[in-house]
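Visitor: Going left to right, the sequence shown walks through residues 1 to 443 as UniProt numbering numbers them. Heads up, the beta-carbon is just placed ideally off N, CA and C, and yes, glycines get one too. What follows is a structure written as structure tokens; I'll ask about it next.
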Amino acid sequence: MADSTIIPSPSAFFSLPPASLFAFPPTTSPAFLLPPPQPGTAASVPPFPIPEHVYHGLLDPRVPVTVAALYAVTAKALNAYNKSTGRKPWALSQTATFRGFVIAHNIVLALYSAWTFRGMLGTMRRSMVSPWGPAGLAGFADSVCRLNGPAGLGRAAFYDDTLGAWRTRAPDTTDSPVSGSAPSPLDAGRIWNEGLAFYGWLFYLSKFYEVLDTLVILAKGKLSSTLQTYHHAGAIMCMWAGMRYMSPPIWMFVLVNSGIHAIMYTYYTLTAFHLRVPMSVKRTLTSLQITQFLVGASYAMLHSFVGYYEPVMVTTARQVPAASNASHASHASHAAAALETSYAQVAVPCITTSGATFAIWLNVLYLAPLTYLFASFFVTSYLRRSSKSGPSKSGTSKPRNRRLSNGAGHAENAGWDAARGVEREVYGQGQDEAVVRPSTSRG
Numbered sequence: 001m002a003d004s005t006i007i008p009s010p011s012a013f014f015s016l017p018p019a020s021l022f023a024f025p026p027t028t029s030p031a032f033l034l035p036p037p038q039p040g041t042a043a044s045v046p047p048f049p050i051p052e053h054v055y056h057g058l059l060d061p062r063v064p065v066t067v068a069a070l071y072a073v074t075a076k077a078l079n080a081y082n083k084s085t086g087r088k089p090w091a092l093s094q095t096a097t098f099r100g101f102v103i104a105h106n107i108v109l110a111l112y113s114a115w116t117f118r119g120m121l122g123t124m125r126r127s128m129v130s131p132w133g134p135a136g137l138a139g140f141a142d143s144v145c146r147l148n149g150p151a152g153l154g155r156a157a158f159y160d161d162t163l164g165a166w167r168t169r170a171p172d173t174t175d176s177p178v179s180g181s182a183p184s185p186l187d188a189g190r191i192w193n194e195g196l197a198f199y200g201w202l203f204y205l206s207k208f209y210e211v212l213d214t215l216v217i218l219a220k221g222k223l224s225s226t227l228q229t230y231h232h233a234g235a236i237m238c239m240w241a242g243m244r245y246m247s248p249p250i251w252m253f254v255l256v257n258s259g260i261h262a263i264m265y266t267y268y269t270l271t272a273f274h275l276r277v278p279m280s281v282k283r284t285l286t287s288l289q290i291t292q293f294l295v296g297a298s299y300a301m302l303h304s305f306v307g308y309y310e311p312v313m314v315t316t317a318r319q320v321p322a323a324s325n326a327s328h329a330s331h332a333s334h335a336a337a338a339l340e341t342s343y344a345q346v347a348v349p350c351i352t353t354s355g356a357t358f359a360i361w362l363n364v365l366y367l368a369p370l371t372y373l374f375a376s377f378f379v380t381s382y383l384r385r386s387s388k389s390g391p392s393k394s395g396t397s398k399p400r401n402r403r404l405s406n407g408a409g410h411a412e413n414a415g416w417d418a419a420r421g422v423e424r425e426v427y428g429q430g431q432d433e434a435v436v437r438p439s440t441s442r443g
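This is the structure:
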């Protein structure tokens, strides 16, 4: 058999997603949602098992919808109560028990978030392929776009909405995907089995617990903003959608958000003990909180427009004259088929299901108001600062380099004002608990 060993260099590309992926409601397939592998089955498995019926049951859509709705209604009712009492702190909030609960709440979330962040770092270290490696950008795209199946470019398992079946090009990596059963939870080397199925599911459940942040604020007699309620309820729904439909970008939400929360709740714990926190930490935290809103939507949305090339093996039949001999001289004119193998590329999209598409754009829509709010605060602050430093009273204009310097200073300060504004609306912290902007010279 002849064998051509020239393999085209794999790469990635941008393209518009097919309209069929934007079906609503999204298809409920694949119905079989892979639970995390059980302890003892592989080196990188979770530290404890999760029963399959519990894993699937808590991803039933009625669970997050019910929790989010109850939270929103309760927050609105308690807001009305606080208004009726003149925003007087609840008697409970003045007790040592309440203060102990707040401290314990922050410590638990700080430790849990750090544990999740560490676990997800290990997940990505074992799963993500370097774009500078032999497989190039295609190998990197394949490692973050395909969550299931064996590791290796072209060997992943993916669900095809059109056929309604799991497909793979493994083990022979031919140009025609083979339909088969659902991928095994024991497959190693891809994000889902390496940790996302475990840490992501628990992180989804942690969003239920995080609504207690709002209760702490309300107990102090303060009001929970509409945006804060939206933030917590939306986070529940977005995490559910990402995990239920195994949407590729959800790994970043788990990794980045857990890392930021580890810092944030550690900061809240320290302030509860009246310990001084360096201004650089406060500034970094504020930057990270806003960056995750602004960058998260862009990263998620990008998946709908990205594709890559997989190297595939193409086998063709080539006709060659059959060998003749004395006993078969009459068949000398017959032809025998020789198989010839060559390698080519096939273009594949990053996203292949309407469910994953739904999860992506739910996150984009969820983050859009937060992005708009940041832009609105920024513009308002920038215009206000610019008007204060307008032309001098004598009417003479300032030197050009001075105007440029002032403009840069206004933009920086406006950015911090916007960050603080969004933070107050989303996290609802009081002045004693909020992450504040470091002092700078006035522009």
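1) Considering just the uninterrupted stretch of the beta strand (DSSP E) at Y81, what are its terminal residues?
2) Quick check: the Cα distance between R11 and T66, rounded to an integer number of angstroms?
3) Buried or exposed for residue 447, going by 16 or more other Cβ atoms inside 10 Å?
4) Put F158 into one of helix, strand or coil per three-state DSSP.
5) Taking only runs that begin and end inside the segment 207–252, name each unbroken alpha helix (DSSP H) of 4 or more residues, in chain order.
6) How is the beta strand (DSSP E) around T168 delimited, first residue to last?
7) Mind checking which residues open and close the alpha helix (DSSP H) that includes A114?
8) Kindly indicate the opening and closing residues of the alpha helix (DSSP H) around Y293.
9) Can you tell me which of A241, R244, S247, Q289 puts its alpha carbon nearest to the alpha carbon of N257?
10) In the structure shown, what three-state DSSP assignment does A12 receive?
11) Between the alpha carbons of I260 and M120, how many angstroms are there, rounded?
12) Roughly how many whole angstroms lie between the Cα atoms of S143 and F32?
13) Does the segment 155–172 come within contact of the segment 211–221, defined as at least 3 CB pairs closer than 8 Å?
14) Taking 7 Å as the cut-off, decide whether the C-beta atoms of S224 and A75 are in contact.
15) With DSSP as the reference, label P369 as helix, strand or coil.
16) Using three-state DSSP, classify A182 as helix, strand or coil.
17) Keeping to the same chain, check which residues put their C-beta closer than 6 Å to that of A156; ignore five residues upstream and five downstream.
18) List the residues that DSSP assigns as beta-bridge partners of N148.
19) Could you spell out where the alpha helix (DSSP H) holding V54 opens and where it closes?
20) Could you tell me which of G296, W201, P30, P18 sits nearest to G239, measuring between CA atoms?
21) Going by the beta-carbon positions, is the gap between N106 and T269 smaller than 7 Å?
22) Please check the pair P185 and L34, which I expect to be a contact at CB under 8 Å, by giving their CB distance rounded to whole angstroms.
23) With a cut-off of 8 Å on the beta carbons, I'd call residue 456 and L367 a contact; round off their distance for me.
24) Is V45 helix, strand or coil by DSSP?
25) Of the residues V306, R276, A135, K222, which one's Cα is nearest the Cα of T85?
26) What residues match up with Y308 in a beta bridge as DSSP calls it?
27) Going along the chain, which residues of its own chain have a beta-carbon closer than 6 Å to the beta-carbon of P89, five neighbours each way excluded?
28) Considering only the alpha carbon of each residue, which of I103, F24, P36, A241 lies closest to T271?
29) Which whole-angstrom value is the C-beta distance of A359 and A241, which I expect to be below 8 Å?
Guide: Judging by the given coordinates:
1) Here residue 81 is taken as the residue at index 81 of the sequence shown, counted from 1. In the DSSP annotation of this structure, Y81 is not part of any beta strand (DSSP E); the continuous alpha helix (DSSP H) holding it starts and ends at 62–84.
2) Position 11 of the sequence shown holds residue 11. Position 66 of the sequence shown holds residue 66. A quick correction: the sequence has Ser, not Arg, at residue 11. Rounded to the nearest angstrom, the two C-alpha atoms are 44 Å apart.
3) Only positions 1 to 443 of the chain appear in the structure, and residue 447 is not among them; the question remains open.
4) Working through the sequence shown from its first residue, we reach residue 158 at position 158. Residue state, collapsed to three classes: strand.
5) Entirely contained in the segment 207–252, the alpha helix (DSSP H) runs reaching 4 residues are, in chain order, 212–219, 226–244.
6) Taking the sequence shown and counting its residues from 1, one reaches residue 168 at position 168. Per DSSP, T168 belongs to the beta strand (DSSP E) from 165–168.
7) Residue mapping note: residue 114 aligns to position 114 of the sequence shown, counting from 1. Counting along the chain, A114 sits inside the alpha helix (DSSP H) bounded by residues 96–127.
8) Within the sequence shown, the letter at position 293 stands for residue 293. What sits at residue 293 in the sequence shown is Phe, not Tyr. Residue range 279–302 is occupied by the alpha helix (DSSP H) that includes F293.
9) Taking the first residue of the sequence shown as 1, we reach residue 257 at position 257. Checking every option, the nearest Cα to that of N257 belongs to Q289.
10) Numbered from its first residue, the sequence shown carries residue 12 at position 12. Look at A12 here: in three-state DSSP terms it is strand.
11) For the purposes of this step, residue 260 is identified with residue 260 of the sequence shown, where counting begins at 1. For the purposes of this step, residue 120 is identified with residue 120 of the sequence shown, where counting begins at 1. Looking at the two C-alpha atoms, the distance is approximately 13 Å.
12) Locating residue 143 in the sequence shown gives position 143, counting from the first residue. Locating residue 32 in the sequence shown gives position 32, counting from the first residue. Our two residues, S143 and F32, have alpha carbons roughly 22 Å apart in a direct line.
13) Counting Cβ pairs under 8 Å, fewer than three are found: no touch.
14) Stepping through the sequence shown from its first residue, residue 224 is reached at position 224. Stepping through the sequence shown from its first residue, residue 75 is reached at position 75. Their beta carbons are under 7 Å apart, which means S224 touches A75 by this criterion.
15) For this step, residue 369 is matched to residue 369 along the sequence shown. Shown here, P369 sits in a helix according to DSSP, grouped into three states.
16) Position 182 of the sequence shown, counted from the first residue, corresponds to residue 182. Reduced to three states, the DSSP call for A182 is coil.
17) Locating residue 156 in the sequence shown gives position 156, counting from the first residue. Taken in chain order, the residues that qualify are R146, G149.
18) Walking along the sequence shown from the start, residue 148 turns up at place 148. N148 pairs with A157.
19) Locating residue 54 in the sequence shown gives position 54, counting from the first residue. Taken as a continuous stretch (DSSP letters only), the alpha helix (DSSP H) holding V54 covers 52–57.
20) For the purposes of this step, residue 239 is taken as the residue at position 239 of the sequence shown. The amino acid at residue 239 is misidentified as Gly; the sequence shows Met. The option with the nearest alpha carbon to M239 is W201.
21) Within the sequence shown, the letter at position 106 stands for residue 106. Within the sequence shown, the letter at position 269 stands for residue 269. Their beta carbons are under 7 Å apart, which means N106 touches T269 by this criterion.
22) Along the sequence shown, read from residue 1 onward, the residue named residue 185 stands at position 185. Along the sequence shown, read from residue 1 onward, the residue named residue 34 stands at position 34. Right, the Cβ-Cβ distance comes to about 5 Å (below 8 Å), so this counts as a contact.
23) Residue 456 falls outside the range modelled here, since the chain spans only 1 to 443, and no answer is possible.
24) Here residue 45 corresponds to residue number 45 of the sequence shown, with the count starting at 1. Correct three-state label for V45: coil.
25) Indexing the sequence shown from 1 puts residue 85 at position 85. Nearest neighbour of T85 by Cα position, chosen from V306, R276, A135, K222, turns out to be K222.
26) Numbered from its first residue, the sequence shown carries residue 308 at position 308. Per DSSP, A12, V348.
27) As a working mapping, residue 89 is identified with position 89 in the sequence shown. The beta carbon of P89 sits closer than 6 Å to those of K220, G221, all from its chain and outside the five residues before and after it, given in chain order.
28) As a working mapping, residue 271 is identified with position 271 in the sequence shown. With respect to the C-alpha of T271, the residue from I103, F24, P36, A241 having the closest C-alpha is I103.
29) Against the sequence shown, residue 359 aligns to sequence position 359. Against the sequence shown, residue 241 aligns to sequence position 241. About 4 Å; that satisfies the 8 Å criterion.
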